[in-house]
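Data block below; observations after.
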Amino acid sequence: ERRSQGLLRFVDTYRDLTHLPAPDFQIVPAAELCARVARLMRPQLEEAGIPLDVEVEPRSLELTADPEQIEQVLINLIRNAMQAAAGQTDAHIRLRAGMDGRGRPLLEVSDDGPGIVEEALDRIFIPFFTTKQDGSGIGLSLCRQIMRLHRGTVSARSIPGEETLFTLRF
789 ERRSQGLLRF VDTYRDLTHL PAPDFQIVPA AELCARVARL MRPQLEEAGI
839 PLDVEVEPRS LELTADPEQI EQVLINLIRN AMQAAAGQTD AHIRLRAGMD
889 GRGRPLLEVS DDGPGIVEEA LDRIFIPFFT TKQDGSGIGL SLCRQIMRLH
939 RGTVSARSIP GEETLFTLRF
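Letter by letter, the sequence shown follows residues 789 to 958 of this note's numbering.
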């Protein structure tokens, strides 16, 4: 019974990964997107005792994106950051919207949790790879798929013990 439930979950998860709808592109104010994600995550963050700092610069920044899909990506990244920082006394998560050196929009989620070791960093976007005991290995793979549909990228860098940073480039 338990094995078949696990297999059914696996099939559902795999289907989600392979059948993403085409993005419904819209002009999205980054400040509104970040505020909405912060509002959605606030109850879980408060329960975990982890503050979320939101920064949007310039305030007028806009993205051409499917807001629901990008919200899904940001929520996944913030949830991962919460899980990574769980149990830390002074954990912080940051959500930042800005522009890269070429003037293209980007979104960043960072945390000061334990970090990701270099060997795992190369593999975290591979479907079903996980460093968590109860992880499915789907979340970051789904993030990458969504960003590909947006003709963008998602990347990660980590300094164990200091910071982990995920960057979405549009």
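Where is the CB? At the ideal position from N, CA and C, for every residue including glycine.
Chain-order list of residues whose beta-carbon lies under 8 Å from that of residue i (same chain, five-residue window excluded)
i, result
"Glu850", "Ile815, Val816, Pro817, Ala818, Pro893"
"Ile947", "Gly903"
is_contact[residue i, chain D] using C-beta, thresh 8 Å
i, result
"Leu851", "You won't find chain D in this structure, because it holds only one protein chain."
Close-in-space but distant-in-sequence residues of the same chain around residue i (CB under 6 Å, 5 per side omitted)
i, result
"Leu937", "Pro811"
"Leu833", "Leu840"
"Glu845", "Gly886"
"Val942", "Cys931, Arg932, Met935, Leu956"
"Ala879", "Ile838, Ala873"
"Ala836", "Met870"
"Arg882", "Asp841, Ser898"
"Ala823", "none"
Residue i, buried or exposed, once every other Cβ within 10 Å from all chains shown has been counted against 16
i, result
"Arg932", "buried"
"Val905", "exposed"
"Ser848", "exposed"
"Pro855", "buried"
"Ile934", "buried"
"Ile838", "buried"
"Ile926", "buried"
Contacting residues, own chain, Cβ-Cβ under 7 Å from residue i (five flanking each side not counted)
i, result
"Gly949", "Pro902, Gly903"
"Arg877", "Note that residue 877 is Thr in the sequence shown here, rather than Arg. Around Thr877: no qualifying Cβ."
"Asn868", "Gly927"
"Leu808", "Gln933, Ile934, Leu937"
"Phe813", "Thr852, Ala853, Asp854"
Whether residue i touches residue j by CB criterion (8 Å)
i, j, result
"Glu843", "Arg890", "no"
"Phe913", "Gly940", "no"
"Leu953", "Ala944", "yes"
"Leu928", "Val897", "no"
"Ala826", "Leu840", "yes"
"Arg828", "Ile863", "The displayed chain sequence assigns Leu, not Arg, to residue 828. Yes, the Cβ-Cβ distance between Leu828 and Ile863 is below 8 Å."
"Asp900", "Glu951", "yes"
Mind listing, in chain order, the continuous alpha helix (DSSP H) runs of no fewer than 4 residues lying wholly within the region 835-873?
855-873
If we count Cβ pairs, one from each stretch, closer than 8 Å, do we get three or more for the region 871-880 versus the region 853-861?
no
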